[in-house]
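Q:
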Amino acid sequence: MEVKPGARTLRESAWLERALEADAPLKRSNSRSIRQTRQFAGPATRLLIACLKLLLLAAGVFFFWKIFNHAYVSDRFEITDISIAGNHFMESSALGAIIRNEFPGAVLRVDLKRLQTRLETETWIQRAEIRRVLPGRLIVQVVERVPRAVGMVGGVLTLVDREGRLLGKYGPSYGKFDLPILKGLLAPDQGNYLAENKPRAALFFNIVEALDSAEVKHSKNISEIDVSRLDDPVFLPMNDPVVVHLGDKDFLQRYMNFSAHMNEYLKLKETHGRIEAVDLRFEDQVVFVPAQTP
Numbered sequence: 002m003e004v005k006p007g008a009r010t011l012r013e014s015a016w017l018e019r020a021l022e023a024d025a026p027l028k029r030s031n032s033r034s035i036r037q038t039r040q041f042a043g044p045a046t047r048l049l050i051a052c053l054k055l056l057l058l059a060a061g062v063f064f065f066w067k068i069f070n071h072a073y074v075s076d077r078f079e080i081t082d083i084s085i086a087g088n089h090f091m092e093s094s095a096l097g098a099i100i101r102n103e104f105p106g107a108v109l110r111v112d113l114k115r116l117q118t119r120l121e122t123e124t125w126i127q128r129a130e131i132r133r134v135l136p137g138r139l140i141v142q143v144v145e146r147v148p149r150a151v152g153m154v155g156g157v158l159t160l161v162d163r164e165g166r167l168l169g170k171y172g173p174s175y176g177k178f179d180l181p182i183l184k185g186l187l188a189p190d191q192g193n194y195l196a197e198n199k200p201r202a203a204l205f206f207n208i209v210e211a212l213d214s215a216e217v218k219h220s221k222n223i224s225e226i227d228v229s230r231l232d233d234p235v236f237l238p239m240n241d242p243v244v245v246h247l248g249d250k251d252f253l254q255r256y257m258n259f260s261a262h263m264n265e266y267l268k269l270k271e272t273h274g275r276i277e278a279v280d281l282r283f284e285d286q287v288v289f290v291p292a293q294t295p
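The sequence shown begins at 2 in this note's numbering and counts up one residue at a time.
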């Protein structure tokens with residue numbers, strides 16, 4: 002059986018359709034208005050948030066700057082203690098005087114890099130490390146140069162490190178150096194003395210190490226080694242003023258060759274009274290040069 006809608010039902014349906022059609026433009030208008038509001042409000046809101054963040058950041062920077070500036074000049078951060086370690090030859094008081102006399106009194110105002118560079122200009126100081134400990138302490142750790150030989154420079158016995166740097170006047174307090182005297186180094190007032198002295202010192206230590214590489218330390222039989230000429234270092238035997246030309250290689254072999262001809266050398270001394278020089282630079286030969294008679 003077919004059910005047909007009544008007249009009232011049809012009228013209600015028609016009214017509802019007209020109402021929906023009338024409301025549709027309003028909904029579209031409201032939706033478009035919301036979208037437009039979002040489009041215009043989005044960038045403005047983001048800009049406002051960015052400005053607020055910037056203001057907060059600026060306030061934070063200013064706050065910390067004020068704190069640092071106060072600490073930078075405050076008497077509470079004055080240097081009250083300088084702790085120095087690693088030094089043996091240079092007095093702690095001398096290093097402390099450099100810091101107090103040449104650098105600011107506030108621990109935060111001390112340029113650590115500049116202080117490091119300054120300390121490393123001192124003859125004895127090879128390397129320095131500095132750090133701050135608040136409120137007023139500086140900790141200085143140094144590595145000193147080590148004297149390895151005694152050189153004769155300008156008529157003065159001088160401590161020398163392995164690189165040919167002159168460390169200061171030698172005295173009994175530095176102990177005994179069981180090595181030949183090193184001669185042929187330049188003094189600090191002779192141009193670029195460090196560049197000249199470095200290869201000369203290296204040659205000296207190469208000779209000593211070669212002579213002592215055997216079971217017997219032959220360097221004990223040598224009074225001094227002169228490295229003025231890199232291609233022709235010479236040495237003086239202990240208790241004998243004769244100049245022995247060693248050459249620039251085969252140091253141990255040439256010294257042993259000289260020792261093997263010692264009896265011949267002594268006989269020539271008896272005959273001629275004095276031998277001017279001995280030349281070991283010729284292969285497997287020893288050349289004796291008698292002193293010139295007046």
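The C-beta atom is built at its ideal place from N, Cα and C for all residues, glycine as well.
For T118, does the count of other Cβ atoms within 10 angstroms reach 16, so buried, or fall short, so exposed?
A: exposed
Q: Give the C-beta separation of P200 and L231 to the nearest angstrom, bearing in mind that I take them to be a contact with Cβ-Cβ under 8 Å.
A: 6 Å
Q: What is the residue span of the alpha helix (DSSP H) that A202 lies within?
A: 194–212
Q: Indicate, with yes or no, if the ligand FAD has a heavy atom lying under 8 Å from the CB of H89.
A: The ligand FAD is not among the ligands present in this structure, which contains no ligands whatsoever.
Q: In terms of alpha-carbon separation, which member of R132, S94, G169, L183 lies closest to D112?
A: R132
Q: Rounded C-beta distance between L212 and Y171? I'm assuming under 8 Å.
A: In fact, because the Cβ distance is near 22 Å, the residues do not count as touching under 8 Å.
Q: Quick check on this structure: which residue in P291, W125, L253, P148 has the alpha carbon closest to the alpha carbon of K177?
A: Closest in alpha carbon position to K177, among P291, W125, L253, P148, is P148.
Q: By how many angstroms is the C-alpha of L58 removed from the C-alpha of A188?
A: Whole-angstrom Cα-Cα distance: 59 Å.
Q: Identify every residue that forms a DSSP beta bridge with F289.
A: V279
Q: Please classify M91 as buried or exposed, where buried requires at least 16 neighbouring CB atoms within 10 angstroms.
A: With 16 or more other Cβ atoms within 10 Å, it is buried.
Q: For S220, which residues in the same chain have their Cβ closer than 7 Å to its Cβ, ignoring the five residues on either side in sequence?
A: Excluding sequence neighbours, S220 sits near L180, P181, V209, L212, D213.
Q: Give me the residue from D285, Q293, N264, L96 with the minimum Cα distance to I276.
A: Q293
Q: When the distance is taken between beta carbons, is V228 closer than 9 Å to F205?
A: Yes, the Cβ-Cβ distance between F205 and V228 is below 9 Å.
Q: What's the gap between the Cα of G185 and the Cα of E103?
A: 36 Å
Q: For L168, I'd like the list of residues in its chain whose CB is within less than 8 Å of its CB, leaving aside the five on either flank, ordered along the chain.
A: F90, T124, W125, R146, P148, T159, L160, V161, D162
Q: I'd like the list of long-range same chain contacts for P291, defined as Cβ closer than 8 Å, with 5 residues on each side in sequence excluded.
A: L269, H273, R275, I276, E277
Q: Give me the DSSP bridge partner(s) of L237.
A: E225
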